[in-house]
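In the numbering used here, the protein residues as written are 15 to 266. Where is the CB? At the ideal position from N, CA and C, for every residue including glycine. Okay, so here's the structure we're looking at.
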Amino acid sequence: YIYPYTILADLIIKKIHIDVEVTGAKDVVINNSIGPLDPNNTFQPFGPIPAAGSYFITGNFEAARKQVNKFNVNIEWGGLPLDKTGFKGYYKSYEPYFDNYVFKVKTSFLKGGKWTPENDDNAHHINLFKDASLKDMSVSKNIKIEPDLENLFKPLDKDIKKSDFTYDIWAESGFFRFTLSDPSYAFGHNLYPALLAEVLTENAKRKLRKPLPVPNTPYTPVINRITIDYTASTTLNMDKKDLKKPKRYSSK
Numbered sequence: 015y016i017y018p019y020t021i022l023a024d025l026i027i028k029k030i031h032i033d034v035e036v037t038g039a040k041d042v043v044i045n046n047s048i049g050p051l052d053p054n055n056t057f058q059p060f061g062p063i064p065a066a067g068s069y070f071i072t073g074n075f076e077a078a079r080k081q082v083n084k085f086n087v088n089i090e091w092g093g094l095p096l097d098k099t100g101f102k103g104y105y106k107s108y109e110p111y112f113d114n115y116v117f118k119v120k121t122s123f124l125k126g127g128k129w130t131p132e133n134d135d136n137a138h139h140i141n142l143f144k145d146a147s148l149k150d151m152s153v154s155k156n157i158k159i160e161p162d163l164e165n166l167f168k169p170l171d172k173d174i175k176k177s178d179f180t181y182d183i184w185a186e187s188g189f190f191r192f193t194l195s196d197p198s199y200a201f202g203h204n205l206y207p208a209l210l211a212e213v214l215t216e217n218a219k220r221k222l223r224k225p226l227p228v229p230n231t232p233y234t235p236v237i238n239r240i241t242i243d244y245t246a247s248t249t250l251n252m253d254k255k256d257l258k259k260p261k262r263y264s265s266k
């Protein structure tokens, strides 16, 4: 009899290529400019008064240890405006233009203790929100954000333990940063006080005329749930010196 092992017994494995795909991972580390955040509870990724330049940082230990090819952040937003025309209708009393696609973040990842890309001109800008559907202009509660890694992601040092995987000034790699870049007036928190005062002053003068609508308070982004997806790959070069020739067994 001829067994498959008999045919393969003298073959030497030189390389092993491994591909990994993970979806919906919940074990993430979250930080913003204020400090660490708890991903198990709702949180404000850009803080209570978001402005252009506000950011949040996230990472996953298992992904950080691998050569990541693709990394997605899945966000479920909370407290979204219920207006059927989304942010356009919610901010209709504001002079600057708002809609579901005006809010953007620029993405970067930590490599060698520095955020890459360093030049804003090379940054990848991504929408924070989108329409619920082609026929529904309300804001979708779910969005997927995918940074552009450009094949430059560098895995963590193998000696780093999970308990040490935290973001601080000594962090070297494994984290992604999402910085609010557009619009320059962000969610309108700096516009609201003056606008409200202007409307209230004008309405006080309108004794017999219809009052102007009071502007809605600016939306402060809240994340109800955050997970990540990633793909990674690696190639193992098998050292012949470390390989022992397999022992043959008789087929009798």
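Note to self: Less than 9 Å between the C-beta atoms of I44 and I89, yes or no?
What the structure shows: no
Margin query: Quick check on Y263: does DSSP put it in helix, strand or coil?
Written below: Residue placement at Y263 cannot be trusted, given a pLDDT of 47 that sits under 50; the coordinates are not used to answer.
Notebook entry, point to check: Which residues bound the alpha helix (DSSP H) around N217?
Noted result: 206 to 219
Note to self: Between P64, D173, D145, V87, which has its C-alpha nearest T121's C-alpha?
What the structure shows: V87
Notebook entry, point to check: Is the beta carbon of D62 sitting closer than 9 Å to the one on F70?
Noted result: Note that residue 62 is Pro in the sequence shown, not Asp. Not closer than 9 Å, so no.
Next item on the list: Measure from the alpha carbon of Y199 to the alpha carbon of each residue in K128, V116, Y19, F192, then state which is nearest.
Entry: Closest option to Y199, Cα to Cα, is V116.
Margin query: By alpha-carbon positions, which one of P18, K29, I16 ends up nearest to M252?
Written below: K29
Notebook entry, point to check: From K12 to F75, what distance separates their C-alpha atoms?
Noted result: The question about residue 12 has no answer, for the chain in this structure spans 15 to 266.
Margin query: Please state whether the Cβ-Cβ distance between A77 and Y244 is less than 9 Å.
Written below: yes
Next item on the list: State buried or exposed for I183, treating a residue as buried only when at least 16 other CB atoms are found within 10 Å of its CB.
Entry: exposed
Next item on the list: Could you have a look at K158 and say whether DSSP puts it in helix, strand or coil?
Entry: Note: K158 maps to strand in three-state DSSP.
Note to self: With the cut-off set at 9 Å, would you say P95 and S152 are in Cβ contact?
What the structure shows: yes
Check: Is the number of C-beta pairs between the segment 15 to 35 and the segment 225 to 232 that are closer than 8 Å three or more?
Finding: no
Item checked: Cut-off 8 Å between Cβ atoms - residues of its own chain near F201, not counting five sequence neighbours on either side -> P64, F117, P232, Y233, T234, P235
Item checked: Run of the alpha helix (DSSP H) containing K102, from where it starts to where it stops -> Following the DSSP letters along the chain, one finds K102 inside the alpha helix (DSSP H) bounded by residues 101 to 104.
Item checked: Element boundaries [alpha helix (DSSP H), containing L22] -> 18 to 22
Check: In terms of alpha-carbon separation, which member of P110, S154, R191, D171 lies closest to H138?
Finding: R191
Notebook entry, point to check: Which class does P176 belong to by DSSP, given the choice of helix, strand or coil?
Noted result: Per the sequence shown, residue 176 should be read as Lys rather than Pro. Residue state, collapsed to three classes: helix.
Check: Got a sec: does the ligand NAP put a non-hydrogen atom nearer than 8 Å to the Cβ of T121?
Finding: The model depicted lacks the ligand NAP and carries no ligand whatsoever.
Checklist line | Close beta carbons around L257, own chain, < 7 Å, minus the five adjacent residues each side | finding: Since pLDDT at L257 reaches only 49, below the 50 mark, its modelled position is unreliable, and the value read off the structure follows with that caveat. Hits under 7 Å: I26.
Notebook entry, point to check: Beta carbon of G100, beta carbon of F143: below 9 Å?
Noted result: Yes.
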